[in-house]
Amino acid sequence: MTLKAGIFGYPITHSISPAMHRAAFDHAGIDAVYEAWDTPPNALARGVAKLRGDKYLGANVTAPHKRAVMEHLDEIDELATRIGAVNTIVNDGGRLLGSNTDAAGFIDSLKDEAGLTLSGLDAALIGAGGAARAAAYALAMEGARSLTIANRTLERARTLADEVRRMGLEARAIALDDDGLLERCLEAHLIVNSTSVGMLHGPSEGASPIPPEFIRPGVVVYDMVYNPADTPLLKTARARGAEVVGGLPMLVYQGAASFRRWTGLPASTTAMFEAARQALNNMNNPPKDFDR
Numbered sequence: 002m003t004l005k006a007g008i009f010g011y012p013i014t015h016s017i018s019p020a021m022h023r024a025a026f027d028h029a030g031i032d033a034v035y036e037a038w039d040t041p042p043n044a045l046a047r048g049v050a051k052l053r054g055d056k057y058l059g060a061n062v063t064a065p066h067k068r069a070v071m072e073h074l075d076e077i078d079e080l081a082t083r084i085g086a087v088n089t090i091v092n093d094g095g096r097l098l099g100s101n102t103d104a105a106g107f108i109d110s111l112k113d114e115a116g117l118t119l120s121g122l123d124a125a126l127i128g129a130g131g132a133a134r135a136a137a138y139a140l141a142m143e144g145a146r147s148l149t150i151a152n153r154t155l156e157r158a159r160t161l162a163d164e165v166r167r168m169g170l171e172a173r174a175i176a177l178d179d180d181g182l183l184e185r186c187l188e189a190h191l192i193v194n195s196t197s198v199g200m201l202h203g204p205s206e207g208a209s210p211i212p213p214e215f216i217r218p219g220v221v222v223y224d225m226v227y228n229p230a231d232t233p234l235l236k237t238a239r240a241r242g243a244e245v246v247g248g249l250p251m252l253v254y255q256g257a258a259s260f261r262r263w264t265g266l267p268a269s270t271t272a273m274f275e276a277a278r279q280a281l282n283n284m285n286n287p288p289k290d291f292d293r
């Protein structure tokens, strides 16, 4: 029997997760397919219920469903509960178990791509949405010293700062347009963009979430946007002498963590990276039609 997994999202047309996970299944010799399920909110419960079938390994979950999906699951692990978002579902004999691998993907990508140890560092985080929550909790779990959360809606940043402060992380919230953000970024060892600013075909394509003067030489700048691979923020940071990490490693490493939960086997991140990069290239450079 061919097994199945997939990803719930809306819209999900341009997801590169299917290519990435198919490569992982093929490399492991597992007879399984991975599909993108375009799922409007009113169809989520019905879609999740299908995962209880014998042929389903589980699923990934992306926007806008990471929080809403929680009410349709039988069990949610402690980390996903604290973050308030599920991105991985495992079918355990018909019981649906929810977890969050975004935090692990964030940690692993920083360690492997930048050789960065999070313990004791000072970080600045732009944004306070679902991806930002995973990053903030990861920083708290790994023993970071301080975190400044800058967000357009200050109250949302304050809520997240309060949560991770209870985990022992020195955290503060600040508005994106606050003059104090410059100082916080210049003091940081790590600057993370969790917003969609700079994303290809997005409303802020070509823009950067912070000005160049916020970036000092030697700081690590992490942009969760993975398309384009070289975002305006990363280009600016590189020119300023910073070390940069793009969003693709986080996507791959969180996917690898999901794969292990479904199969009990390690995923080939090499195969996943190759497939993900090829999928992005195909998406951004579609074949041209020629008159014959």
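The sequence shown begins at 2 in our numbering and counts up by one. Backbone N, C-alpha and C fix where the C-beta goes; we use that ideal spot for every residue, glycine too.
> Would DSSP call residue 275 helix, strand or coil?
Replying inline: As a working mapping, residue 275 is identified with position 274 in the sequence shown. Helix, per DSSP.
Legend entry - Through-space distance from residue 78 to residue 17, alpha-carbon basis: By one-based count along the sequence shown, residue 17 stands at place 16. By one-based count along the sequence shown, residue 78 stands at place 77. Going by the C-alpha atoms only, they are around 26 Å apart.
By Cβ distance below 7 Å, which residues in the same chain neighbour residue 115 in space, the five residues on each side in sequence not counted?
Residue mapping note: residue 115 aligns to position 114 of the sequence shown, counting from 1. Here the set comprises 221, 244 and 246.
Q. For residue 24, does the three-state DSSP call read helix, strand or coil?
A. Locating residue 24 in the sequence shown gives position 23, where the first residue counts as 1. Note: residue 24 maps to helix in three-state DSSP.
| message | Once DSSP output is grouped into helix, strand and coil, what is the label at residue 227? | response | Within the sequence shown, the letter at position 226 stands for residue 227. In this structure, residue 227 counts as coil in the three-state DSSP scheme.
Q.
Between which residues of its own chain and residue 274 is the CB-CB distance below 7 Å, once the five residues before and five after are set aside?
A. One-based indexing of the sequence shown puts residue 274 at position 273. Correct list, in chain order: 253.
Should residue 133 and residue 98 be called a contact, given that it needs their Cβ atoms to be closer than 8 Å? Along the sequence shown, read from residue 1 onward, the residue named residue 133 stands at position 132. Along the sequence shown, read from residue 1 onward, the residue named residue 98 stands at position 97. Not in contact: residue 133 and residue 98 (Cβ atoms no closer than 8 Å).
query: Just checking my contact of residue 192 with residue 223 at CB under 8 Å: how many whole Å lie between their CB atoms?
result: Indexing the sequence shown from 1 puts residue 192 at position 191. Indexing the sequence shown from 1 puts residue 223 at position 222. Sure, about 7 Å apart at Cβ, within 8 Å.
Sorted by chain position, which residues of the same chain lie with C-beta nearer than 7 Å to residue 153's C-beta, five sequence neighbours on each side aside?
Working through the sequence shown from its first residue, we reach residue 153 at position 152. Only 177 meet the Cβ criterion.
If I follow the unbroken beta strand (DSSP E) through residue 211, where does it start and stop? The residue labelled residue 211 in the question sits at position 210 within the sequence shown. Residue 211 -> no beta strand (DSSP E), and no H or E assigned at all.
Query raised in the report: Going straight from the alpha carbon of residue 33 to that of residue 147, what length do you get?
Result: The residue you call residue 33 lines up with position 32 of the sequence shown. The residue you call residue 147 lines up with position 146 of the sequence shown. Going from the Cα of residue 33 to the Cα of residue 147 covers about 43 Å.
Counting pairs of beta carbons, one from the segment 35-43 and one from the segment 6-26, are three or more of them closer than 8 Å?
yes
Next on the checklist: Looking at residue 86: is its Cβ nearer than 8 Å to the Cβ of residue 128?
Outcome noted: Your numbering for residue 86 matches position 85 in the sequence shown. Your numbering for residue 128 matches position 127 in the sequence shown. No, they are not a contact pair.
### Message
Buried or exposed, going by whether 16 or more other CB atoms sit within 10 Å of the CB of residue 287?
### Response
Taking the first residue of the sequence shown as 1, we reach residue 287 at position 286. By the 10 Å Cβ count, residue 287 comes out exposed.
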